[in-house]
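Quick note on numbering: UniProt numbering labels position 27 of the sequence shown as 27, and the sequence is numbered without any gaps.
Built from N, CA and C at the ideal position, the CB exists for glycine as well.
If you're wondering where the values come from, they're calculated on a predicted model, not measured in any experiment.
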Amino acid sequence: MTSSIVWFRDDLRLADNPALRAAIDRGDPVIGLYVLDEESPGIRPLGGAARWWLHHSLASLGERLRERGSTLVLRRGPAERVVHETAKDAGASAVFWNRRYGGPEREVDTRIKASLREDGLDAQSFAGSLLHEPWEVKTGAGTHFSVFTPFWRACLALPSPRAPLPEPREVHGPGRAPASDSLDEWGLLPTKPDWAGGLRETWEPGEPAARHRLREFLSEDLGSYDRARDEPSAGATSLLSPRLRWGEISPYTVWHEAVEAGGGGRFLSELGWREFAWHTLFHFPDLATKNLRREFDAFPWPRLKPTLLRAWEHGRTGIPLVDAGMRELWHSGYMHNRVRMVAASFLIKNLLIDWRHGEEWFWDTLVDADAANNPFNWQWVAGSGADAAPYFRIFNPELQAKKFDPRGLYIDQWVPQDERGEPIVDLGETRKAALDAYEHVKRASRT
């Protein structure tokens, strides 16, 4: 008997999984496959926090598949080799997956689809991670968007996102599954030292916890979201970003349940911002390493001072709001979005450190860092990215603290009074230096 393979990637769920549904509908036994690919050209290795989340999310997915009668095969290596080997070992006649949108990932997927079909297998990909495929959203001239508001307006003018697919009650597997690696063998969890205590305290990865968090947010926090979303101590944010990053819940599910709960406006536009980031990455695959606005190649970054970078990374800048955010990040693998913008602005525009250093640190420490949103948002703050207007915006962390943490609750939680040192730079002087650097970019763009 033949079988169908569902190749899981950033879609670690059973509900609203088009690839899984297609495999079930085909009628053959279904085998889940996850490939830890850190060898294919251009594929960016996961950061430490992401590896921790992946371990636990895969454990949850494997358990849920076993409960329904199937199995999750784990294999490591370049996907082009591993997918073919697994299909051969399983006697598979079909391989299904949901699409990825990064440049190297698309190239790998295209080659795999073509070679599987040459071998006589049914290979299909599906839309499961974005509300709209990046090539579907176009300007009137048929090009990609570079400004969010018209992009989101165009999205809203398209047909409404499809209804989410129901979770399958049964997933019939084969009598004998191909050999699988042990998840523990992959060494995704930190051990020497084990720095993940705060992550364990903060998060429960997996699809059931993602669904629970969505219901909790919609019933308890959605009503205050527009008013309190910028206050880091308010607890009004959805905390769904890592769930969406790993595909433990689909954007279709979030969209429709939010609409049914009476939500809309600002919260749905945050889904739109996520879409805009992926839209941008699809058209600019080098987003993590190259300035989107190439005139910013002329930005006069001074020679890197490692002591300043380390002080920022470990929350020891002497700027309370920045330090609070960086310590929250180190403890939990997460940082409130308003504070992310402030911390990023301080690194780039007060310390005059290239945004790529900050992007790399967030890539390693955030549980929700993905290939689109992480570099996209760093470039937005830097002024080198899409819709970065005004590009020279400099957040004053002291004024931001007064406005969004007026009682100091967030700062007090992460930076006790006795741990607050002197600022490592003068905010006024460094602001002037940053504006001078931006003026240099402006002049260079005219020549």
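Spatially closest choice to residue i from the options, by CA coordinates
i, options, result
"Val-339", "Arg-245, Trp-378, Asp-418 and Leu-352", "Trp-378"
"Gly-103", "Phe-284, Glu-38 and Arg-245", "Phe-284"
"Phe-188", "Arg-117, Pro-150, Val-108 and Glu-38", "As written in the sequence, residue 188 is Leu, which differs from the Phe given in the question. Considering only alpha carbons, the answer is Glu-38."
"Leu-165", "Thr-253, Gly-198 and Phe-96", "Thr-253"
"Leu-72", "Glu-359, Val-35 and Thr-149", "Val-35"
"Pro-300", "Ala-437, Ala-22 and Thr-149", "Ala-437"
"Pro-174", "Ser-269, Leu-65, Arg-266 and Gly-385", "Leu-65"
"Glu-170", "Thr-237, Ala-15 and Trp-255", "Ala-15"
"Ala-288", "Lys-403, His-84, Ser-384 and Ala-196", "Ser-384"
"Arg-81", "Pro-41, Gly-262 and Ala-298", "Pro-41"
"Arg-213", "Arg-294, Phe-96, Ser-182 and Ile-249", "Ile-249"
"Met-335", "Gly-428, Ser-125 and Ser-233", "Ser-233"
"Trp-380", "Ala-344, Gly-235, Thr-307 and Thr-202", "Ala-344"
"Gln-124", "Arg-294, Val-95, Phe-148 and Glu-107", "Val-95"
"Tyr-101", "Ala-401, Leu-183, Gly-408 and Ala-371", "Ala-371"
"Leu-121", "Lys-88, Thr-139, Glu-107 and Thr-202", "Lys-88"
"residue 448", "Arg-13, Gly-47, Trp-52 and Glu-360", "Outside the shown range of the chain (1 to 447) lies residue 448, about which nothing can therefore be said."
"Glu-260", "Asp-323, Leu-222, Phe-296 and Arg-229", "Leu-222"
"Pro-150", "Trp-330, Leu-239 and Gly-272", "Gly-272"
"Gly-318", "Val-441, Pro-423, Ala-19 and Trp-135", "Pro-423"
"Leu-244", "Tyr-391, Ala-209 and Pro-416", "Ala-209"
"Leu-352", "Thr-139, Thr-430, Phe-392 and Gly-247", "Thr-430"
"Glu-398", "Tyr-391, Leu-329, Arg-407 and Val-137", "Arg-407"
"residue 450", "Thr-139, Pro-168 and Glu-167", "Because the chain is modelled from 1 through 447, residue 450 falls outside the range shown and cannot be assessed."
"Val-425", "Asp-297, Leu-158, Arg-316 and Arg-99", "Arg-316"
"Ala-22", "Gly-325, Phe-362 and Pro-168", "Pro-168"
"Trp-152", "Gly-197, Glu-270, Ala-19 and Arg-99", "Glu-270"
CB-CB length for residue i against residue j, believed under 8 Å
i, j, result
"Ile-31", "Ser-70", "7 Å"
"Ala-127", "Glu-133", "6 Å"
"Ser-93", "Asp-25", "That belief does not hold up - the Cβ atoms of Ser-93 and Asp-25 are roughly 14 Å apart, past 8 Å."
"Leu-130", "Trp-7", "Their Cβ separation, rounded to whole angstroms, is 18 Å, which puts Leu-130 and Trp-7 out of contact at 8 Å."
"Tyr-225", "Phe-282", "28 Å between Cβ atoms; not a contact."
"Ala-49", "Thr-365", "5 Å"
Exposure label - residue i; buried when at least 16 CB within 10 Å
i, result
"Gly-206", "buried"
"Met-1", "exposed"
"Ala-163", "exposed"
"Glu-275", "buried"
"Ala-114", "exposed"
"Arg-75", "buried"
"Arg-310", "exposed"
"Gly-265", "exposed"
"Glu-105", "buried"
"Thr-237", "buried"
"Gln-400", "buried"
"Ala-258", "buried"
"Ser-3", "buried"
"Pro-161", "buried"
"Asp-323", "buried"
"Val-57", "Residue identity differs from the one stated: residue 57 is Ser in this sequence, not Val. Buried."
"Gly-428", "exposed"
"Ala-389", "exposed"
"Glu-419", "exposed"
First through last residue of the beta strand (DSSP E) which encompasses residue i
i, result
"Ile-411", "First-last for Ile-411: 409-414, but that is the alpha helix (DSSP H), not the beta strand (DSSP E)."
For residue i: DSSP bridge partner residues
i, result
"Ala-94", "Ser-4 and Asp-122"
"Tyr-34", "Phe-8 and Leu-74"
Host alpha helix (DSSP H) of residue i (start-end)
i, result
"Leu-347", "From DSSP, Leu-347 is part of no alpha helix (DSSP H); its letter is neither H nor E."
"Val-322", "320-332"
"Glu-201", "197-202"
"Gly-358", "355-365"
"Trp-380", "373-382"
"Ser-60", "48-67"
"Pro-150", "148-157"
"Trp-255", "251-260"
"Gly-428", "427-446"
"Leu-20", "18-26"
"Gly-272", "266-283"
"Thr-289", "Looking at the DSSP string, Thr-289 is not in any alpha helix (DSSP H), and its letter there is neither H nor E."
"Asp-226", "225-228"
"Trp-312", "306-313"
"Leu-399", "397-404"
"Phe-217", "207-220"
"Arg-245", "241-245"
Beta carbon proximity, residue i to chain D, threshold 9 Å
i, result
"Ala-298", "Going by chain labels, chain D is absent from the structure shown, which holds only one protein chain."
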